[in-house]
Amino acid sequence: MKTQFILLTLLGSVAFCGSLGAENWNQLCDGKTLQGWHVIGKGQWTIVDGAIRGTHPKEEKEFGHLVSDRVYRDFTVRVKYKAVKGNSGLYFRIEEKGFSGVSGFQAEIDPQHDAGGLYETNGRAWVSQPKPEDVKRWYKPGEWNEMTVSAHGGHIVVHVNGIKSAELQDDPGRRQGKFALQLHAGQDCEVWFKDIEMSDGVEVR
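Okay, so the sequence shown: first residue is -8 according to the numbering used here, each after it adds one.
Here is the structure:
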């Protein structure tokens, strides 16, 4: 009886520890519609087999963005993406203003260069640009890649496929804003996104 009690106690402790370590991820896109998002600029955004497909012809000189309706702060967000062609990015803490339609941080998405770097559009430009040899360590060309962005106060960290690709400490930039997905102006773009999820985020409005 005593042995059984100890065993049950240990099992209960393991279950409790597991629940403490669990993360609650909430979908930002249901994979069926673009509800909760709106389009700024040009390009085409469609749902195909549960994923968001963004396309943009080279002849189009205007940027295209798919922007979240809500504003968030202090979050961890993750997304799986496949960059077939053209430059893109996962934007966060953005405002809908500036020459490209949005202003704020971009975690870089590109089929060849700078994947996982941090760029501030309509701001400081590159704040963390990775070296080509480092990009090869974490980025898988032509495949699905997973990007995670943690932004809490002035501490921002980007991971690509579980490897840290950029980090800022005590960053002075804005603390809240919307999310957005980008199609770069003047480029032939095809980028796919799926499983867009957020953990521990605070919805401001």
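By construction, the Cβ of each residue, glycine as well, lies at the ideal position given by its N, Cα and C atoms. These figures come from a predicted structure and were not determined experimentally.
*Starting from residue 135 and walking both ways along the beta strand (DSSP E), at which residues does that stretch end?*
Taken as a continuous stretch (DSSP letters only), residue 135 belongs to no beta strand (DSSP E), as it is neither H nor E.
*Among 72, 88 and 87, which residue has its Cα nearest to the Cα of residue 81?*
For the residues 72, 88 and 87, the minimum Cα distance to residue 81 belongs to 72.
*asked:* Three or more C-beta pairs under 8 Å: does that hold for the stretch 112 to 120 against the stretch 42 to 53?
replied: At 8 Å Cβ cutoff, the stretches do not touch.
*Cutoff 7 Å; reference residue 29; Cβ partners in own chain excluding five residues on either side*: For residue 29, where only same-chain residues beyond five positions count, the Cβ hits under 7 Å are 58 and 60.
_Buried or exposed for residue 12, going by 16 or more other Cβ atoms inside 10 Å?_
Any answer about residue 12 is weak, because its pLDDT of 36 lies below 50 and its placement is not dependable; what the coordinates show is given next. By the Cβ neighbour-count rule, residue 12 is exposed, with fewer than 16 other Cβ atoms within 10 Å of its own.
*Taking DSSP as the reference, what is the three-state secondary structure of residue 182?*
DSSP places residue 182 in strand when its eight states are reduced to three.
*In its own chain, which residues sit with a C-beta less than 8 Å from the C-beta of residue 16, not counting the 5 before and 5 after it?*
The beta carbon of residue 16 sits closer than 8 Å to the beta carbons of 69, 188, 189 and 190 from its chain, once the five residues preceding and following it are set aside; these are given in chain order.
*Candidates 34, 86, 31 and 42, of which the one nearest residue 164 by Cα*: A check of alpha carbon separations from residue 164 across 34, 86, 31 and 42 identifies 86 as the nearest.
*Provide the residue span of the beta strand (DSSP E) that contains residue 69, from first to last.*
For residue 69, the enclosing beta strand (DSSP E) stretches over residues 66 to 76.
*Buried or exposed: residue 147, going by 16 or more other Cβ atoms within 10 Å of its Cβ?*
Residue 147 should be labelled buried.
_Here's a check: name, in chain order, each residue in its chain whose Cβ is nearer than 6 Å to the Cβ of residue 182, leaving out the five neighbours to either side._
Shown here for residue 182: same chain residues with a beta carbon closer than 6 Å to its own, the five before and five after excluded, namely 45, 74 and 79 in chain order.
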